[in-house]
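Using the working numbering, read the sequence shown as starting at 226 and increasing by one per residue.
Have a look at the structure below, then the notes.
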Amino acid sequence: ATEVFAKGVPRGDGEEAPEVLTVDFLRKYLRYCRRLAPKLSEAAQAEVAEKYCDMRMRFQSGFADLHNPNAENKKPRLAVTTRTLEALIRLATAHAKLKLRKDEV
226 ATEVFAKGVP RGDGEEAPEV LTVDFLRKYL RYCRRLAPKL SEAAQAEVAE
276 KYCDMRMRFQ SGFADLHNPN AENKKPRLAV TTRTLEALIR LATAHAKLKL
326 RKDEV
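What follows is the structure, given as C-alpha cells:
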C-alpha cells in the first residue's frame with residue numbers, strides 16, 4: 226500500500242505525478258488525531274441511542290425492514306448487545322478525531 230503514496234511516481238506520459246499524500250504525512254496526521262479527546266454531545270448521545278434501539282428492534286424481530294414486515298428480505302437474527310452500543314460510541318468518537326473536532330462529536 227505504501228507504493229500508492231510514494232513520492233514522484235512517474236505517470237504514463239513521462240511527467241512526475243503531483244504529491245498528494247505521503248505515508249509520513251498520514252502518520253503525523255493520525256498521531257495528532259490520537260491526542261484529541263472529543264466527548265459526545267447530548268444531541269449525539271440521543272442519535273446514537275436512537276440508532277442502537279433501531280438496530281436492536283430490527284435484528285431482534287428478524288426483519289431488515291420494519292416498515293414492511295411481509296417483505297422477502299428476512300435476515301438472520303444477530304446479537305445486538307451493549308457491546309454494539311459501545312462500538313457505535315467508539316466509531317463516532319474516532320470519526321470526530323479524524324475530522325479534528327476537539328470538543329464535541
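Ideal Cβ placement from N, Cα and C applies to all residues, glycine included.
Asked, Found
"Classification of Ala321 by the beta-carbon crowding that lies within 10 angstroms, buried from 16 upward", "buried"
"Integer Cβ distance of Leu255 from Ile314, believed to fall under 8 Å", "Actually they are not in contact, since the Cβ atoms of Leu255 and Ile314 sit about 20 Å apart, beyond 8 Å."
"DSSP-derived helix/strand/coil call for Lys324", "coil"
"Host alpha helix (DSSP H) of Glu329 (start-end)", "That residue, Glu329, is in no alpha helix (DSSP H); it is neither H nor E in DSSP."
"DSSP bridge partner residues for Lys264 (one or two, in chain order)", "Glu329"
"Where Val330 falls, given that 16 or more other Cβ within 10 Å makes a residue buried", "buried"
"Rounded C-alpha distance that separates Ala312 from Leu323", "16 Å"
"Whole-angstrom distance between Ala268 and Phe250, CA atom to CA atom", "33 Å"
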